[in-house]
Amino acid sequence: MLAFVINLFDLGGEQRLDKLGISSYSLVPFPGH
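In structure tokens:
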């Protein structure tokens, strides 16, 4: 499992990790502009 302070939705990192079967979570979701 990976942990991130900020999830930047525009970059798609969490979705990429999910596709690889890696679970993750973030403390602050940031949708962008």
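In numbering that gives the first Met the number 0, the protein residues as written are 0 to 32. The beta-carbon is built from N, C-alpha and C at its ideal position, and this holds for glycine as well. As the structure is a prediction and not an experimental result, all values here were calculated from the model.
{"query": "Inter-residue Cα distance where the pair is P28 and L1", "result": "15 Å"}
{"query": "Inter-residue Cα distance where the pair is I5 and I21", "result": "17 Å"}
{"query": "Residue interval of the beta strand (DSSP E) (run including L79)", "result": "The first residue shown for the chain is 0 and the last is 32, placing residue 79 beyond what the model contains."}
{"query": "Beta-bridge partners of P28, as assigned by DSSP", "result": "N6"}
{"query": "Beta-ladder partner(s) of S22, from DSSP", "result": "According to DSSP, which records beta bridges pairwise, S22 is partnered with nothing at all."}
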